[in-house]
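Q: So that we are looking at the same thing, I have put the structure below in structure tokens.
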């Protein structure tokens, strides 16, 4: 299977892959970038699944006139929806959330994040062995939070990465959302994903997560 099919299979059937195998697969920078984009996209899809896409697109088109182009057809298949989004940049408007997904070219530019590895595995990048200081301390299996409070989600993430959490905004702690936590990603990437949700602002200071 090609790289897109491989990443989709990992997301659909994570139990079919061992920790060592996942680390080996994600040592490929292109596969890792595809995985990051699909993880963000899947989380965004959870928040817009009840939105009238046609109505939102009509409203967007009225405000931003553009040349005629084919409209997107959304299928009931999660994998098909994700694959369609990877192929084309779209704007999803739901609860004030805008998600922009860039199209991958055949020669992606090097990304800043180091290769993510399992706790006992070191991956090779540019002939240098690098390990993550902010890697997950326990299981690396993805976790799907469905209509869970932000407080529960952030505390579980903080525990997984061995950091502390502080809520300066008590109201934010009670917000409920759908979010797929991928422990293979670095903590800063997780924080960036959560900050795409409206009314959520999380900052990281060393080993402390601050929810404003």
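In this note's numbering, the protein residues as written are -12 to 199.
Glycine residues also receive a C-beta, built at the ideal position from the N, C-alpha and C atoms.
Predicted model, so just to flag it, every value in this text is computed and none were measured.
Is residue 198 a contact residue of the ligand ATP, with contact defined as CB to any heavy atom under 8 Å?
A: Questions concerning the ligand ATP fall outside what the structure shown contains, since it holds no ligand whatsoever.
Q: For residue -12, name the three-state secondary structure that DSSP assigns.
A: Taking the chain shown and counting its residues from 1, the one referred to as residue -12 is at position 1. Coil.
Q: Would residue 178 and residue 196 qualify as a contact pair, given that the criterion is a beta-carbon distance under 9 Å?
A: Taking the first residue of the chain shown as 1, we reach residue 178 at position 191. Taking the first residue of the chain shown as 1, we reach residue 196 at position 209. Yes, the pair counts as a contact, with Cβ atoms nearer than the cut-off.
Q: Could you tell me the distance, in whole angstroms, from the CA atom of residue 129 to the CA atom of residue 190?
A: Reading the chain shown from its first residue, position 142 is the one you call residue 129. Reading the chain shown from its first residue, position 203 is the one you call residue 190. Distance between the alpha carbons of residue 129 and residue 190 is about 23 Å.
Q: Assign residue 5 to one of two classes, buried (16 or more other C-beta atoms within 10 Å of its C-beta) or exposed (fewer than that).
A: In the chain shown, the residue the question calls residue 5 occupies position 18. Exposed is the call here.
Q: For residue 128, does the three-state DSSP call read helix, strand or coil?
A: Position 141 of the chain shown, counting from 1, holds the residue named residue 128. Three-state DSSP puts residue 128 in coil, outside helix and strand.
Q: What number of angstroms, rounded off, separates the C-alpha of residue 158 from the C-alpha of residue 43?
A: Position 171 of the chain shown holds residue 158. Position 56 of the chain shown holds residue 43. About 28 Å.
Q: Within the same chain, show all residues whose beta-carbon is closer than 8 Å to that of residue 139, passing over the 5 residues directly before and after it, in chain order.
A: As a working note, residue 139 is residue 152 in the chain shown. These residues qualify, in order along the chain: 132.
Q: Decide if residue 20 is buried, meaning its Cβ has at least 16 other Cβ atoms within 10 Å, or exposed.
A: Stepping through the chain shown from its first residue, residue 20 is reached at position 33. Counting Cβ neighbours within 10 Å, residue 20 comes out buried, since at least 16 surround it.
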